[in-house]
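Notes follow once the structure below has been shown.
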Amino acid sequence: MIIIATIRMALRALRRNTLRTLLTMLGIIIGVASVIAMISIGNGARAQIEAQIASLGQNVILVMSGNISRGGFGMGFGSAGTLTKDDLEAMGKDVEGVSGLSPEVRGNAQVVFGNQNIQTSIIGVSPDYAAVRSWTFTSGENFTEQDVRSANKVALIGKTTATTLFGDGDAIGQIIRVKNAPFTIVGLLGPKGSSANGGDQDDVIMIPWTSAMKRITGGTTFRAFSVQAAESGKVPQLQSDLTDLLRQRHRIQEGRDDDFFIRTQQEITERATATSDTMTSLLGAIAGVSLLVGGIGVMNIMLVSVTERTREIGVRMAVGARGRDILLQFLIEALVLSLVGGAIGVALGIGTSQAISIWKGWTTLISTTSIFLAFSSSAAIGIFFGFYPAKKASQLDPIEALRFD
Amino acid sequence: MPALIELTDFSKTYNSGEVQVHAVKNVSIKIEPGEFVAIMGASGSGKSTMMNTLGCLDRPTGGKFHFDGVDVMGLNRDELADLRNKKIGFVFQGFNLLARSTALENIELPMLYMRPSIPGSEQVERATKALGKVGLAERGDHRPSQLSGGQQQRVAIARALVNEPRLLLADEPTGNLDTQTSIEIMGVFQELNRAGMTIVMVTHELDIARFCKRNVVMRDGRIVNDNPVVDPFDATTQLQKLRAEQAAVNLAP
Numbered sequence: 001m002i003i004i005a006t007i008r009m010a011l012r013a014l015r016r017n018t019l020r021t022l023l024t025m026l027g028i029i030i031g032v033a034s035v036i037a038m039i040s041i042g043n044g045a046r047a048q049i050e051a052q053i054a055s056l057g058q059n060v061i062l063v064m065s066g067n068i069s070r071g072g073f074g075m076g077f078g079s080a081g082t083l084t085k086d087d088l089e090a091m092g093k094d095v096e097g098v099s100g101l102s103p104e105v106r107g108n109a110q111v112v113f114g115n116q117n118i119q120t121s122i123i124g125v126s127p128d129y130a131a132v133r134s135w136t137f138t139s140g141e142n143f144t145e146q147d148v149r150s151a152n153k154v155a156l157i158g159k160t161t162a163t164t165l166f167g168d169g170d171a172i173g174q175i176i177r178v179k180n181a182p183f184t185i186v187g188l189l190g191p192k193g194s195s196a197n198g199g200d201q202d203d204v205i206m207i208p209w210t211s212a213m214k215r216i217t218g219g220t221t222f223r224a225f226s227v228q229a230a231e232s233g234k235v236p237q238l239q240s241d242l243t244d245l246l247r248q249r250h251r252i253q254e255g256r257d258d259d260f261f262i263r264t265q266q267e268i269t270e271r272a273t274a275t276s277d278t279m280t281s282l283l284g285a286i287a288g289v290s291l292l293v294g295g296i297g298v299m300n301i302m303l304v305s306v307t308e309r310t311r312e313i314g315v316r317m318a319v320g321a322r323g324r325d326i327l328l329q330f331l332i333e334a335l336v337l338s339l340v341g342g343a344i345g346v347a348l349g350i351g352t353s354q355a356i357s358i359w360k361g362w363t364t365l366i367s368t369t370s371i372f373l374a375f376s377s378s379a380a381i382g383i384f385f386g387f388y389p390a391k392k393a394s395q396l397d398p399i400e401a402l403r404f405d
Numbered sequence: 001m002p003a004l005i006e007l008t009d010f011s012k013t014y015n016s017g018e019v020q021v022h023a024v025k026n027v028s029i030k031i032e033p034g035e036f037v038a039i040m041g042a043s044g045s046g047k048s049t050m051m052n053t054l055g056c057l058d059r060p061t062g063g064k065f066h067f068d069g070v071d072v073m074g075l076n077r078d079e080l081a082d083l084r085n086k087k088i089g090f091v092f093q094g095f096n097l098l099a100r101s102t103a104l105e106n107i108e109l110p111m112l113y114m115r116p117s118i119p120g121s122e123q124v125e126r127a128t129k130a131l132g133k134v135g136l137a138e139r140g141d142h143r144p145s146q147l148s149g150g151q152q153q154r155v156a157i158a159r160a161l162v163n164e165p166r167l168l169l170a171d172e173p174t175g176n177l178d179t180q181t182s183i184e185i186m187g188v189f190q191e192l193n194r195a196g197m198t199i200v201m202v203t204h205e206l207d208i209a210r211f212c213k214r215n216v217v218m219r220d221g222r223i224v225n226d227n228p229v230v231d232p233f234d235a236t237t238q239l240q241k242l243r244a245e246q247a248a249v250n251l252a253p
């Protein structure tokens, strides 16, 4: 029998009872829509996290000072102060494949400009830092190696801090007082937005690390190093070279733990996205269950339909329909039911996810994979749950079927 | 010319639980091409079993059955379906038209299951021709609910004829119709028979059986009477007679 004629027949049969068809489809519609909406929310969260981590910079390896715990309280990364100036020099000289290297000293300080008086985070870095960590310049320029050597009082300023201090005015050339020392703003950094843990990355002032040690922290050790690999393929090699170098320099014996932490950007990404992936699977699974329930609805209605149309099946068999023809007819009917439901569900899912992103302000990301997945699983459900009723119809005895009323 | 239907020692036994029911016992019958046979009998006489067997909806449990030279006993479900599709046209008491389909679509139904299949345009053409044969050329796009009982039965006959079968099998075709419409339908059958169609009809109405050329009477699963009809009714004459009677009733004071 011609498939097109069968499809036309199926559509006609479904139009016969519009309300029932719609109610049956509703299960599939809700199932498919929720799969798509849930996965789009999960993917959106993941994409946001990935974007935040990408703002760390390209091919970046972070070396962080080890932490110490006193009386059971962890003091946080960098508190042990195991990274020294000598380490920095050694890394610059003895390790292959480094395209950018900057130490990091961090502190909070009072910043005064005119009648403005704010508390902000001060990072002491080298000129490489901006390039390694993907900072751009809105205006002005970076400070230089010479500024680092001479511990000059120059500063780069983040967008948020600049707006707080200067409003709409020009930041370049202004002199601010950091812990009472006058610093000249030489560069205004481009905005980066919030970090993975929600902090504002643009509320920052960057100064040469030498100046930071002298005026802000008063210490002689670094909190961390940001190392950029020349090629992405060399990241693991560089990571192990750096580990070896630091272990050797810190005289750590075989079998002892490192007194520093070393993380590649990829590791950080994996760690952060693992959580959002778990959430996505969980939401997807819940949505999948509702799709399954929708499928059972299809089976239910197909069974009712087969019973109602027993006589019709009898007539079809009498005029020469083989069991296979009847099977195909009901299977296609179930398939059309779930595919049309699936199509509506896809549209509704896309609409829902967009509504969520507008009303709730969540990032949602509709992937073609999830649309394909939801649509094809609704087809699979149609075939799976339509098969039993269709098989039942195809096995009817034509004489019994003709006598049925 | 070989017989169209040749049933030899045909018996049919149903197993209903522990009791065996012998619906038909050792019946032999031959039907030649061009015959117009009425099978008659009370309920339980075995005429329905006979009908289902002749229609190849069911196979005998004993004996031999040749339909148009084909040994039906050796056919499986699918082969039986193909045989019905090509060689048998069914007309039922309740018409059994698909309610949501138009007359033409109903007539196209058997062609949907033809192997090899024929193109859609030819299907429409053949269905239209069949509808013309039963005198309803103008009603192709009507649904069954928009047609009278007689018209519905004509559509059903057109559906039975559309694949040009060897045998037209009618199960109480006039059971749901009034006298005048019944005679009209018998007229359609007689016309088809005159054009060469073999027709077998099950009925319990003696009046209707008189329109056929041969009457087979069954009782308790056996044929008890099998005779040609002496002086069969002619539908045209009977219709004229009926109209005259109705007119007389209407004219009476």
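Chain order of the listed sequences is A and B. Position 29 of the first sequence, counting from 1, maps to 29 under the numbering used here, and the rest follow consecutively. Position 23 of the second sequence, counting from 1, maps to 23 under the numbering used here, and the rest follow consecutively. We treat Cβ as the ideally placed atom computed from N, Cα and C, and that holds for glycine.
Residues of its chain near methionine 279(A), where Cβ-Cβ distance is below 8 Å and the 5 sequence neighbours each way are ignored: Gly42, Ala45
At the level of alpha carbons, what is the spacing between threonine 363(A) and glutamine 48(A)? 7 Å
I need the DSSP call for methionine 75(A), collapsed to helix, strand or coil. Caution applies to methionine 75(A), whose pLDDT of 49 falls short of 50 and renders its modelled position unreliable; the value that the coordinates give is listed next. Coil.
Please list the partners that tyrosine 113(B) has in chain A, where partner means a Cβ-to-Cβ separation under 8 Å. Met1, Arg316, Val319, Gly320, Ala321, Arg322, Asp325
For methionine 40(B), the nearest candidate out of Ile118(B), Val200(B), Lys12(B) (CA to CA): Val200(B)
Considering aspartate 226(B), what are the terminal residues of the beta strand (DSSP E) in which it resides? 222 to 228
Between the Cα of alanine 274(A) and the Cα atoms of Glu50(A), Met25(A), Leu62(A), Leu22(A), which residue gives the shortest distance? Glu50(A)
Using the rule of at least 16 other Cβ atoms within 10 Å of the residue's Cβ for burial, across every protein chain shown, is isoleucine 5(B) buried or exposed? buried
Cut-off 6 Å between Cβ atoms - residues of its own chain near alanine 374(A), not counting five sequence neighbours on either side: Val32, Val35, Ile36
Can you grab the Cα-Cα spacing for the pair serine 16(B) / alanine 156(B), in whole Å? 33 Å
Go to isoleucine 172(A), then tell me how far its alpha helix (DSSP H) extends in each direction, as first and last residue. From DSSP, isoleucine 172(A) is part of no alpha helix (DSSP H); its letter is neither H nor E.
What residues of chain B sit near valine 312(A), judged by a beta carbon separation below 7 Å? Note on residue identity: the sequence assigns glutamate, not valine, to residue 312(A). The contacting residues are Leu98.
Isoleucine 399(A) touches chain B at which residues, Cβ-Cβ below 8 Å? Asn52, Leu57, Asp58
Under the DSSP definition of a beta bridge, which residues are partnered with alanine 137(B)? Alanine 137(B) pairs with nothing; no bridge assigned.
Could you say if the region 339 to 347 of chain A and the region 15 to 30 of chain A meet the contact criterion of at least three C-beta pairs nearer than 8 Å? yes
Per-residue contacts from leucine 109(B) into chain A (C-beta, under 8 Å): Val315, Arg316, Val319
Residues near leucine 80(B) by beta carbon distance below 6 Å, same chain, minus five either side: Cys56
Is DSSP giving glutamine 92(B) helix, strand or coil here? Going by the sequence as given, residue 92(B) is phenylalanine instead of glutamine. Three-state result, phenylalanine 92(B): coil.
Is aspartate 9(B) close to chain A? Criterion is C-beta to C-beta, closer than 8 Å. no
By the three-class DSSP mapping on this structure, what secondary structure does arginine 403(A) have? helix
DSSP three-state assignment for methionine 201(B), whether helix, strand or coil: strand
Along chain A, in chain order, which residues have C-beta atoms closer than 7 Å to that of alanine 81(B)? Met317, Gly320, Ala321, Arg322
In angstroms with no decimal places, state the Cα-to-Cα distance between glycine 140(B) and alanine 248(B). 36 Å
Compute the Euclidean distance between the alpha carbons of arginine 70(A) and aspartate 259(A), then round it to the nearest angstrom. Residue confidence for arginine 70(A) is low, a pLDDT of 48 falling below 50, so the modelled location carries little weight; the figure read from the coordinates is stated next. The straight-line gap from Cα to Cα measures roughly 15 Å.
When DSSP labels each residue in this structure, what does threonine 138(A) get in the three-state scheme? strand
Per DSSP, the bridge partner or partners of glutamate 90(A): According to the sequence displayed, residue 90(A) carries alanine and not glutamate. For alanine 90(A), which the question treats as bridged, DSSP gives no partner whatsoever.
When the Cα of valine 235(A) is compared with those of Val111(A), Phe222(A), Thr138(A), Gln58(A), which residue comes out closest? Gln58(A)
Contact defined as beta carbons within less than 8 Å: I believe isoleucine 205(A) pairs with isoleucine 122(A). What is the distance between those atoms, to the nearest angstrom? 5 Å
Does the CB of aspartate 220(B) have a neighbour CB from chain A at under 8 Å? no
Could you list which residues in chain A have their beta carbon closer than 8 Å to that of aspartate 78(B), in chain order? Arg322, Gly323, Arg324
Please return the same chain residues whose Cβ sits closer than 7 Å to the Cβ of serine 306(A), not counting the five positions on each side in sequence. According to the sequence as given, residue 306(A) is valine; it is not serine. Closer than 7 Å at the Cβ level, and outside the excluded window around valine 306(A), lie Phe330, Pro389, Lys392, Ala393.
Are any of the Cβ atoms in chain D nearer than 8 Å to that of alanine 5(A)? Among the protein chains of the structure shown, namely A and B, there is no chain D.
Nearest by alpha-carbon distance to aspartate 9(B): which of Glu18(B), Ser28(B), His22(B) is it? Ser28(B)
At the 8 Å Cβ level, is arginine 16(A) part of the contact set with chain B, yes or no? yes
Along chain B, in chain order, which residues have C-beta atoms closer than 8 Å to that of arginine 406(A)? The question about residue 406(A) has no answer here: the residues shown for chain A are numbered 1 through 405.
Output, in chain order, the set of chain A residues within a Cβ distance shorter than 7 Å of asparagine 85(B). Val319, Gly320
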